[in-house]
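Asks: Below is a structure I'd like to ask you about.
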Ligand SMILES: Cc1ncc(C[n+]2csc(CCOP(=O)(O)OP(=O)(O)O)c2C)c(N)n1
Ligand code: SF4
């Protein structure tokens with residue numbers, strides 16, 4: 070029996086690939102397996118080739134893995150004119166042709182014979198290739214089956230029935246999920262199709278392949294969640310009740326989830342005219358006493374540079390999320406990249422500071438969003454959660470109890486009216502909101518408009534303790550130093566008072582280190598596991614604290630290894646650059662493994678990168694991955 | 071009881087409460103029209119019963135943006151062109167606050183033009199005062215969106231080739247529900263208009279003509295103005311959109327040629343404000359959002375209540 074199933078459903082956008090795969094993944098999770106989903110889609114609304122991959126095993130799965138072993142190939146709706154039900158143009162049958170390269174030896178193929186003709190199959194040499202790779206091919210008229218019992222669009226259900234039978238998977242969970250999602254005739258027809266497909270497959274085919282659904286069990290209840298869900302729920306639990314945004318993939322997911330949930334919990338969501346406005350609204354709401362956030366992807370975030378600086382100078386707490394996609398400019402809207410790090414760290418004028426967290430998995434996304442709110446409100450500083458299209462869209466199962474946290478609506482360093490009575494005021498009774506005299510950790514507690522005794526002026530200009538515009542040199546230095554002190558205090562808090570936000574992999578005494586950040590974490594973790602299983606001595610650190618930088622932990626890690634490889638999805642080694650800038654050394658210890666073709670790393674690519682680097686060979690691992698040698702190499 | 075004791079407080083309010091007791095003194099040039107706006111606000115606010123602590127004035131950048139440095143309410147001096155989005159959100163967060171946004175014509179009609187149109191469209195319940203001096207003051211006299219065609223400045227030395235923006239018509243077309251123009255040289259009218267604007271439930275746009283003796287000596291703001299409500303020559307119904315539009319068109323055609331008309335141009339009393347509209351569709355809470363953070367009994371939702379659909 071196979072130890073993991075990687076099931077891929079391929080077809081055209083609009084073929085119901087998303088909902089079908091979501092249900093299939095949940096069914097696998099309910100049967101006791103750990104799951105990880107990966108979605109590939111082009112930047113268009115209808116048509117175009119798309120697939121979703123679901124990896125399921127009786128152990129933690131942290132990446133999409135390498136290749137896959139079961140293909141359900143629907144007809145590509147892109148190739149057909151929906152009105153005339155006829156092929157148009159000379160589109161290739163992509164659900165087959167685009168997917169064969171990554172199918173593993175011994176894999177299973179189910180394709181829709183009703184839409185993909187024998188000539189099409191010949192055109193991609195399916196039979197020869199199947200022979201070579203020991204693939205087991207099952208042509209089934211999914212379209213016909215669906216039409217017979219319902220409507221043609223239900224061919225995805227027929228496909229699920231066929232693959233479920235081939236994999237020896239029980240239908241119970243799929244049926245439950247279908248009943249939750251639909252009703253009436255539609256449910257009836259779908260169930261009929263599902264059963265018909267299942268039974269027909271059992272009767273008509275010999276299952277000569279080895280691939281079966283693995284067996285597994287969970288000790289606790291699980292939920293299947295994307296990174297965007299985790300960030301949105303992290304914000305809700307952090308007490309965030311105001312969001313303003315402007316749509317831009319992939320940030321739109323977080324924006325949508327919160328917009329859909331806020332009305333039920335008394336929160337306010339605003340879709341506004343542009344990203345400058347979006348972040349400025351978040352600043353306005355926060356100023357008026359509500360935990361607020363905004364966010365965008367690279368191009369939209371560029372517009373937020375101004376309000377970001379305003380929040381810093383006026384010490385208005387603010388959380389922004391930045392969901393990276395491949396750039397520059399509009400780049401590749403639906404493809405992940407980790408190339409906005411420097412943009413997020415340094416955008417906005419002046420000696421401007423913010424806190425930046427880069428979660429690497431679903432739990433971290435939730436946790437660090439909460440943390441971002443806490444730090445932002447305690448220290449009155451903007452905090453940014455940076456993640457990417459990959460983490461945003463991938464679904465993994467998480468222990469439900471993990472989310473069992475108390476909500477945190479606390480407004481941080483904000484005074485009550487009683488406290489304001491005791492606070493320092495100037496001679497005219499104005500509250501010394503930016504008082505640097507007894508500021509602790511650089512933080513001067515604030516008041517909220519409408520509070521008695523709290524009147525002050527917030528301004529993006531340099532200002533005196535009560536907020537009057539001031540260019541007095543002594544005041545400037547005092548205010549600047551107070552603001553700068555915050556980041557050091559935050560660093561101390563993260564180092565000393567909290568559990569590490571960095572994640573470690575592999576044996577502590579390993580000689581070789583892999584350093585990564587953000588969503589590349591899963592693939593690195595898996596590569597490290599494999600390398601150690603092969604007898605190498607490798608460990609890893611996935612860094613989340615970008616600003617203030619995890620100085621202590623990364624230094625310790627780099628000191629403990631002979632050599633290190635920094636893995637990240639960009640072309641200019643931005644994270645390696647950050648390490649060197651922050652630590653001022655280790656330039657000769659770090660090699661970079663870079664990928665920037667729009668697809669995330671797969672574990673095998675990291676394994677190969679390691680091998681090439683270790684062998685000190687003068688070659689690149691693959692055409693899609695680059696090695697940037699260490700300084701002095 | 072509100073968590074914000076300053077809100078809704080009823081007492082005699084002295085004009086002087088709005089003047090900072092300690093520095094700063096206004097740094098505006100002698101004779102600047104901005105003094106007029108400051109003065110009318112200081113007169114209007116006590117008359118509408120607003121205490122300094124229940125008012126939030128949000129300004130942009132420019133000479134005009136310094137308004138709240140000299141007006142002692144809660145204040146947020148933001149960045150160039152962005153007063154409106156900040157003000158809008160503060161109002162949504164706490165609808166009980168009296169939110170007044172202000173800025174210059176460069177700030178509000180130029181760099182912030184997009185926000186102006188959308189704030190008017192949505193009819194947020196805030197007052198917006200634009201100090202219209204037809205020039206960039208703070209950056210030393212460049213042509214602004216309301217400078218007349220042919221206006222010469224250091225950056226348009228041959229005279230501007232651009233037709234000036236029509237603030238009133240733009241505002242009307244965008245959807246503002248109260249539109250008036252007043253002038254610093256007429257303090258009595260200005261005070262009355264500002265009072266109305268504050269009391270209006272919806273987006274109240276006041277195009278406030280403010281002379282800039284330093285950079286814009288030719289501007290028409292110095293000439294005697296005619297109050298459209300007082301003059302028999304201009305008989306129209308401020309509640310009638312078409313008539314208002316026609317009046318605005320005429321005014322904006324002649325503004326730079328010698329006649330300056332001021333007064334109320336459009337008043338729409340029955341249009342729901344944005345928060346009312348938002349409330350009607352179920353997207354605004356009944357209680358001010360900001361208050362919940364000070365309410366120990368408030369129930370805060372937990373994310374695990376949302377997890378059912380993910381199981
Ligand atoms: C983003 C940005 N661009 C430019 C400036 C420079 N700037 C400051 S005030 C101003 C123009 C102000 O003109 P206006 O809004 O008409 O106000 P006034 O000074 O006339 O009252 C400009 C361009 C700035 N501060 N920020
Ligand atoms: S430059 Fe013009 S607008 Fe600015 S303060 Fe002087 S007179 Fe007033």
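Residue numbers (the numbering used here), protein chains in the order written: chain A, 70 to 702; chain B, 71 to 381.
Where a beta carbon is used, it is the ideal one built from N, C-alpha and C, also for glycine.
The model shown is predicted, which means the values in this text are computed figures rather than measured ones.
#1: Return helix, strand or coil for residue 693 of chain A, following the three-state DSSP convention.
#2: Assuming residue 232 of chain A and residue 463 of chain A form a contact by the criterion Cβ under 8 Å, report the distance between their Cβ atoms to the nearest whole angstrom.
#3: Within 7 Å: the Cβ of residue 288 of chain B and any heavy atom of ligand 2?
#4: Might you give, ordered along the chain, the residues of its own chain that have their beta carbon closer than 8 Å to the beta carbon of residue 601 of chain A, omitting 5 neighbours on each side?
#5: Would you please verify whether the beta carbon of residue 542 of chain A is less than 8 Å from any beta carbon of chain B?
#6: Can you name the residues that DSSP bridges to residue 755 of chain A?
#7: Under three-state DSSP, which class holds residue 471 of chain A?
#8: Could you name the residues of the same chain whose beta carbon sits closer than 8 Å to that of residue 98 of chain B, not counting the 5 residues immediately before and after it, in chain order?
#9: Enumerate in chain order the residues of its own chain whose CB-to-CB distance from residue 220 of chain B is below 7 Å, with the five nearest sequence positions on each side excluded.
#10: Taking only beta-carbon atoms, is residue 495 of chain A less than 8 Å away from chain B?
#11: How should residue 327 of chain A be labelled, buried or exposed, when 16 other C-beta atoms within 10 angstroms of its C-beta is the threshold for buried?
#12: Starting from residue 293 of chain A, trace the beta strand (DSSP E) in both directions and tell me its first and last residue.
#13: Give the residues from the region 305-339 of chain A that approach chain C closer than 8 Å (Cβ to any Cβ), ordered along the chain.
#14: Mind checking which residues open and close the beta strand (DSSP E) that includes residue 208 of chain A?
#15: Output needed in chain order: residues of the region 256-280 of chain B with a Cβ under 9 Å from some Cβ in chain A.
#16: Rounding to the nearest angstrom, what Cα-Cα distance links residue 70 of chain A and residue 224 of chain A in this structure?
#17: Please report the residue range of the beta strand (DSSP E) in which residue 197 of chain B lies.
#18: Is there contact here, the region 262-282 of chain A with the region 431-444 of chain A, by at least three beta-carbon pairs under 8 Å?
#19: Who are the near neighbours of residue 178 of chain A in its chain, counting only those whose CB is closer than 6 Å to its CB and skipping five residues on each side?
#20: When you compare only the Cα positions, how much space is there between residue 626 of chain A and residue 131 of chain A?
#21: If you count every other CB in all the chains shown that lies within 10 Å of the CB of residue 217 of chain B, and 16 or more means buried, which is it?
#22: Residue 666 of chain A versus chain B: which residues are under 7 Å apart at the beta carbon?
#23: In whole angstroms, give me the CA-to-CA distance for residue 116 of chain B and residue 82 of chain B.
#24: Could you please give the first and the last residue of the uninterrupted beta strand (DSSP E) stretch that includes residue 126 of chain B?
#25: Leaving out five residues on either side along the sequence, give the residues of the same chain with a beta carbon under 8 Å from the beta carbon of residue 495 of chain A.
#26: List, in chain order, every chain B residue whose beta-carbon is nearer than 7 Å to that of residue 345 of chain A.
#27: Report whether the distance from the Cβ of residue 134 of chain B to the nearest heavy atom of ligand 1 is below 7 Å.
#28: Could you check whether residue 229 of chain A and residue 89 of chain A sit closer than 8 Å to each other, using their CB atoms as the reference points?
#29: Considering just the uninterrupted stretch of the beta strand (DSSP E) at residue 120 of chain A, what are its terminal residues?
#30: By how many angstroms is the C-alpha of residue 288 of chain A removed from the C-alpha of residue 226 of chain A?
#31: Can you give the beta carbon distance from residue 307 of chain A to residue 477 of chain A, rounded, assuming they're within the 8 Å contact cut?
#32: Going by C-alpha distance, which of A:452, A:295 and A:484 is nearest residue 458 of chain A?
#33: At what residues does the beta strand (DSSP E) containing residue 573 of chain A begin and finish?
#34: Where are the beta strand (DSSP E) runs, 3 residues long or more, that stay fully inside the region 428-507 of chain A, in chain order?
#35: Interface residues of chain A around residue 381 of chain B at Cβ under 9 Å?
#36: Give me the DSSP bridge partner(s) of residue 139 of chain A.
Replies: Based on what the coordinates show:
#1: Three-state result, residue 693 of chain A: coil.
#2: Contact annotation, residue 232 of chain A with residue 463 of chain A: C-beta distance approximately 21 Å; criterion of less than 8 Å not satisfied.
#3: No, ligand 2 has no heavy atom inside 7 Å of this Cβ.
#4: Correct list, in chain order: 575, 576, 579 and 607.
#5: No, residue 542 of chain A does not count as interfacial toward chain B.
#6: Summary: the structure shown does not reach residue 755 of chain A, with chain A confined to residues 70 through 702, and so no result is reported for it.
#7: Helix, per DSSP.
#8: Non-local C-beta neighbours of residue 98 of chain B in its own chain, meaning closer than 8 Å and more than five positions away in sequence, comprise 104, 105, 133 and 136, ordered along the chain.
#9: Same-chain partners within the cutoff: 229 and 230.
#10: So yes, residue 495 of chain A belongs to the interface.
#11: With 16 or more other Cβ atoms within 10 Å, it is buried.
#12: Element bounds for residue 293 of chain A: 291-295.
#13: The structure shown has no chain C; the protein chains it does contain are A and B.
#14: Looking at the DSSP string, the run of the beta strand (DSSP E) that includes residue 208 of chain A is 205-209.
#15: Of all residues in the region 256-280 of chain B, none has a Cβ within less than 9 Å of some Cβ in chain A.
#16: Confidence at residue 70 of chain A is low in this model, with a pLDDT of 49, below 50, so its placement is unreliable and the value that follows should be read with caution. Those two C-alpha atoms are separated by around 28 Å.
#17: Residue 197 of chain B -> beta strand (DSSP E) spans 197-202.
#18: No, because fewer than three Cβ pairs between the region 262-282 of chain A and the region 431-444 of chain A fall closer than 8 Å, the two stretches do not touch.
#19: Closer than 6 Å at Cβ, skipping near neighbours: 140, 204 and 206.
#20: If you draw a straight line from the Cα of residue 626 of chain A to the Cα of residue 131 of chain A, it comes to about 22 Å.
#21: Counting of Cβ neighbours within 10 angstroms places residue 217 of chain B among the buried residues, the total reaching 16 or more.
#22: One finds nothing in chain B with a Cβ atom closer than 7 Å to the Cβ of residue 666 of chain A; even the nearest lies about 31 Å away.
#23: Computed Cα separation, rounded: 8 Å.
#24: Residues 125-129.
#25: Once the five neighbours on either side are set aside, the close Cβ partners of residue 495 of chain A are 501, 534 and 535.
#26: Residues of chain B passing the Cβ test: 152.
#27: Because some heavy atom of ligand 1 lies under 7 Å away, the Cβ of residue 134 of chain B counts as near it: yes.
#28: Yes.
#29: Element bounds for residue 120 of chain A: 118-126.
#30: Taking the straight line from one Cα to the other gives about 30 Å.
#31: Contact annotation, residue 307 of chain A with residue 477 of chain A: C-beta distance approximately 5 Å; criterion of less than 8 Å satisfied.
#32: Out of A:452, A:295 and A:484, the CA that lies nearest to the CA of residue 458 of chain A is found in A:295.
#33: It spans 572-574 - the beta strand (DSSP E) in which residue 573 of chain A sits, taken as one unbroken run.
#34: The region 428-507 of chain A contains these whole beta strand (DSSP E) runs: 451-457 and 464-468.
#35: Listed along chain A, the residues sitting closer than 9 Å to residue 381 of chain B by beta-carbon distance are 95, 98, 99, 290, 291, 292, 293 and 469.
#36: Here residue 139 of chain A is bridged, per DSSP, to A:76 and A:177.
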